[in-house]
Amino acid sequence: IGEAEGVPTYTCDCSEGYEGPKCDQIVLAVAEWEPISPSAPEPATPVTSTTPAATQPPHPTSVSTSPTSATPTLSPWQPKTGQRLLMVPWEADRVGQIAPAILTASLTLSLEVPEETAVKLVVNAVGAPVLWRVNEEGFQRSSFINGSKMWFLQASNGLVVPDHALPLGQNYFLSVIQVDAPTAPEVTLRLNLTVKASNCVEPGSSFSDPQCSGKGKCVTQPSESTFFCECDDSYTGIFCEELDACQHRPCRNNATCTDVRQGDEGHNFTCTCQPGYEGERCQLLVNHCLSQPCENGATCSSSLAGPTCICPEGYQGPTCELKVDPCASGPCHNNGTCSPQGPSPLGFACSCTTGFTGPTCAQLVDFCALNPCAHGVCRSAGNSYRCLCVPGYHGLYCEEEYNECLSAPCQNYATCQDLINAYECVCTPQFEGIHCEIFKDPCLKMRCFNGGHCESSGKNASCTCPPGYTGERCEVDINECESNPCHHGGTCIDQSHGYTCHCHPGWVGPVCEIHLQWKPPHSEETLPNMPRHSLYIIIGALCVAFVLMLIILIVGICRISRIEYQGSSCHAYQEFYNCRSIDSEFSNAIASIRHARFGKKSRPAMYDATPISYEDYSPDDKPLVTLIKTKDL
């Protein structure tokens, strides 16, 4: 709710059946009225009414009557024979529901009317209402401006708008009606009549002929421009003039029904039957066997698809007209020859090729039934057989034995003995192996100990022992000390490859054969004449020299122990000294002593070998070692 220029504005939500800004207009559906055809003209009943004071239309927005105006008499309605009339009830109760407390109301009627049809408003009106024809704008605004005045026609219990006043198209009318009822308001009637052409009567029919041939209703739709016939059940056609005999589906078994234009009499339809059916309504099955289509004594069976012939043995075809050839299907296998034979129409006989047997030549001849293979297994192969020989035999029937000695497999004059699928070589005494290809070496069975070497001569073998061992297999260790090789009281120690002599002081050498004797460098310098401190120095130097000599002897003995000593002292010296000068060998000995005594991480020291004068008292002209003195670094 709001205001526009001081005037309250509002919107009405109308109930069903009403419309308009104030919901004061009744909406009536077309289906509420049906056209009727009065049998005779209705008598005119004069009715006096208060009409407007002048012929000028009233104010556009209001309609009023004057009680002092003249009250003319409405002309009576004179319907023609068969006149079509649309009866419209007044609906006074619905008008009263709009505004029971006010004196004016509005009623809008929008109707679709077939041509040549009058409209009768069933209402008990007071006076003679004026009917104004207006345009669409005047109708929408309820205004009489530019309208033309006409009068209702008077009929019993109502007012009539004659059919000649209703041309095709839209017709808009306004009227003020005073209903003769207690507290009834003055109602402004807004009447909109849409006149449409009618296709409900056949051309050339009289006015009194019923619409739609009396077999339907004349109706229309808002979207349609004409009235048309809505036929009753079982009728069809534009004017419902034709009986639709197919409406109730008289044809049976899915047959097609076709309506025949024969009016209302007889069976005006035909049935087109499906295959296998016959009769007026296709209700009967066709008996295809009546024509006896089957031949050669076949049994006939009728069905929807037609006749079916069940042929006897030996015949075929749709009607069993063909004789069956028993050899046509090729019953004989493996190239066998077929020929009809026997009393049966399907009898035949097969002539088999070599290697096959049976009624249809499908079985192989069993060539192995007589066990033809002497030393093997028989296997059938097509129209023949073959023998699978056991090892050692061959031939068509495995009757021959292989002689494996024919290939001379034995070597070195061995004798070959033939066996079944094998052979055996008998070797001479010097050979062995499967083919006597291996020479018998007596050393293979001889084991020499302690590094001994086996040597063979013919069938004999012996061990050659290394030094220090003896025996048949070098299993005995020789004691080299039994011959007392160490001289001058030296102690002999037996070892695995020789011996070692531990000499008494003053003696050196592999067998303690070297005697050490010292001589001062100047004969005039005697011990008594030396100062005491010099004597101490000499004694200390001798002690150091003695210790060094012991070390040299130990190292020498260790080296000599690796030399194969066989009784030759010169050979031992050569191994020990390598036949070099005593000065060079002694220098090497000094280096060995230095490495063995102090190692790489010992206190730094230097040992110099200084040649001095000496006298040789050693036996056998053996060289003597030089005197050794030390010099600190």
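Residue numbers (the UniProt record's numbering): 1 to 633.
Glycine residues also receive a C-beta, built at the ideal position from the N, C-alpha and C atoms.
Bear in mind the structure is a predicted one, so any value in this text is a computation, not a measurement.
Exercise for the section: Could you spell out where the alpha helix (DSSP H) holding F139 opens and where it closes? Expected result: Translated into positions along the sequence shown, residue 139 becomes position 139. Per DSSP, F139 belongs to the alpha helix (DSSP H) from 136-141.
Handout entry: E401 versus K445: straight-line alpha-carbon distance, rounded
Key = As a working mapping, residue 401 is identified with position 401 in the sequence shown. As a working mapping, residue 445 is identified with position 445 in the sequence shown. Each residue's alpha carbon lies about 41 Å from the other.
Problem - Secondary structure of E399, DSSP reduced to three states - result: Against the sequence shown, residue 399 aligns to sequence position 399. The answer is coil: DSSP assigns E399 none of H, G, I, E or B.
Practice task
Decide yes or no for the touch test of the stretch 122-137 against the stretch 237-245: beta carbon pairs closer than 8 Å, at least 3 of them.
Solution key: no
Practice task
Tell me, to the nearest whole angstrom, how far the beta carbon of T353 is from that of G336; I am working on the premise that it is less than 8 Å.
Solution key: Counted from its first residue, the sequence shown places residue 353 at position 353. Counted from its first residue, the sequence shown places residue 336 at position 336. The Cβ separation is near 6 Å, so the contact holds.
Exercise for the section: Kindly indicate which three-state DSSP category C12 falls into: helix, strand or coil? Expected result: Here the question's residue 12 lines up with position 12 in the sequence shown. C12: coil per DSSP, three-state reduction.
Problem - Proximity below 9 Å, CB of S75 to CB of Q170 - result: The residue you call residue 75 lines up with position 75 of the sequence shown. The residue you call residue 170 lines up with position 170 of the sequence shown. Cβ distance not < 9 Å, so S75 and Q170 don't count as in contact.
Problem - Closest Cα partner of W90 within the set L107, P203, C492 - result: By 1-based counting over the sequence shown, the position of residue 90 is 90. The shortest C-alpha separation from W90 is found at L107.
Handout entry: Residue from F269, C416, Y499 whose Cα sits closest to the Cα of E404
Key = On the sequence shown, position 404 is the one that residue 404 refers to. Measuring from the Cα of E404, the nearest candidate turns out to be C416.
Handout entry: Q211 to C229 span [Cα, whole Å]
Key = One-based indexing of the sequence shown puts residue 211 at position 211. One-based indexing of the sequence shown puts residue 229 at position 229. Taking the straight line from one Cα to the other gives about 8 Å.
Exercise for the section: Would you mind sorting A255 into buried or exposed? The rule is 16 or more other CB atoms within 10 Å of its CB. Expected result: Residue mapping note: residue 255 aligns to position 255 of the sequence shown, counting from 1. Burial call: buried.
Exercise for the section: Taking only the alpha-carbon atoms, compute the straight-line gap between W77 and T272 and give it to the nearest angstrom. Expected result: Along the sequence shown, one-based indexing puts residue 77 at 77. Along the sequence shown, one-based indexing puts residue 272 at 272. Rounded to the nearest angstrom, the two C-alpha atoms are 57 Å apart.
Exercise for the section: Return the bridge partner residues of P114 from the DSSP annotation. Expected result: Start at 1 with the first residue of the sequence shown, and residue 114 comes out as number 114. Answer by DSSP bridge pairing, in chain order: K196.
Exercise for the section: Give the DSSP-derived three-state secondary structure of E280 in the structure shown. Expected result: Counted from its first residue, the sequence shown places residue 280 at position 280. Coil.
Practice task
Could you round the C-beta distance between F152 and P129 to whole angstroms and report it? I think they count as a contact, below 8 Å.
Solution key: For the purposes of this step, residue 152 is identified with residue 152 of the sequence shown, where counting begins at 1. For the purposes of this step, residue 129 is identified with residue 129 of the sequence shown, where counting begins at 1. F152 to P129, Cβ: 6 Å. Contact.
Problem - Anticipated Cβ contact below 8 Å, E480 with D494, distance rounded - result: Numbered from 1 along the sequence shown, position 480 holds the residue referred to as residue 480. Numbered from 1 along the sequence shown, position 494 holds the residue referred to as residue 494. Indeed, because the Cβ distance is near 6 Å, the residues count as touching under 8 Å.
Exercise for the section: Can you check DSSP and say which residues form a bridge with L548? Expected result: Residue numbering aside, residue 548 sits at position 548 when the sequence shown is read from its first letter. In the DSSP output, where bridge partners are listed per residue, L548 has none listed.
Problem - Cut-off 6 Å between Cβ atoms - residues of its own chain near H288, not counting five sequence neighbours on either side - result: For the purposes of this step, residue 288 is taken as residue 288 along the sequence shown, with counting starting at 1. Excluding residues within five positions, the ones whose Cβ falls inside 6 Å are S302, G306, P307.
Practice task
Look at the Cβ atom of L121, then the Cβ atom of V160, and state whether they are nearer than 9 Å.
Solution key: Residue numbering aside, residue 121 sits at position 121 when the sequence shown is read from its first letter. Residue numbering aside, residue 160 sits at position 160 when the sequence shown is read from its first letter. Against a cut-off of 9 Å, the Cβ pair of V160 and L121 comes out as a contact.
Practice task
Report yes if the C-beta distance between G556 and P505 is below 9 Å; otherwise report no.
Solution key: Residue numbering aside, residue 556 sits at position 556 when the sequence shown is read from its first letter. Residue numbering aside, residue 505 sits at position 505 when the sequence shown is read from its first letter. Cβ atoms of G556 and P505: not closer than 9 Å.
Exercise for the section: Can you give me the start and stop residues for the beta strand (DSSP E) that M87 sits inside? Expected result: As a first step, residue 87 is located in the sequence shown; it is residue number 87 there, counting from the start. Note, M87: beta strand (DSSP E), 84-89.
Practice task
Spell out the partners DSSP gives L191 in its beta bridges.
Solution key: Taking the sequence shown and counting its residues from 1, one reaches residue 191 at position 191. DSSP, once it has assigned bridges, lists L109, F173 as partnering L191.
Practice task
Please classify R252: does DSSP put it in a helix, a strand, or coil?
Solution key: The count along the sequence shown starts at 1 and reaches residue 252 at position 252. DSSP places R252 in coil when its eight states are reduced to three.
Handout entry: Selected residue, minimal CA-CA separation from A328, among A349, K80, I310, V286
Key = Translated into the one-based positions of the sequence shown, residue 328 becomes position 328. Selected option, being the one with the closest Cα: A349.
Exercise for the section: Kindly indicate which residue of F367, S206, R249, F139 has the alpha-carbon position closest to the one of R190. Expected result: Stepping through the sequence shown from its first residue, residue 190 is reached at position 190. Out of F367, S206, R249, F139, F139 has the C-alpha closest to the C-alpha of R190.
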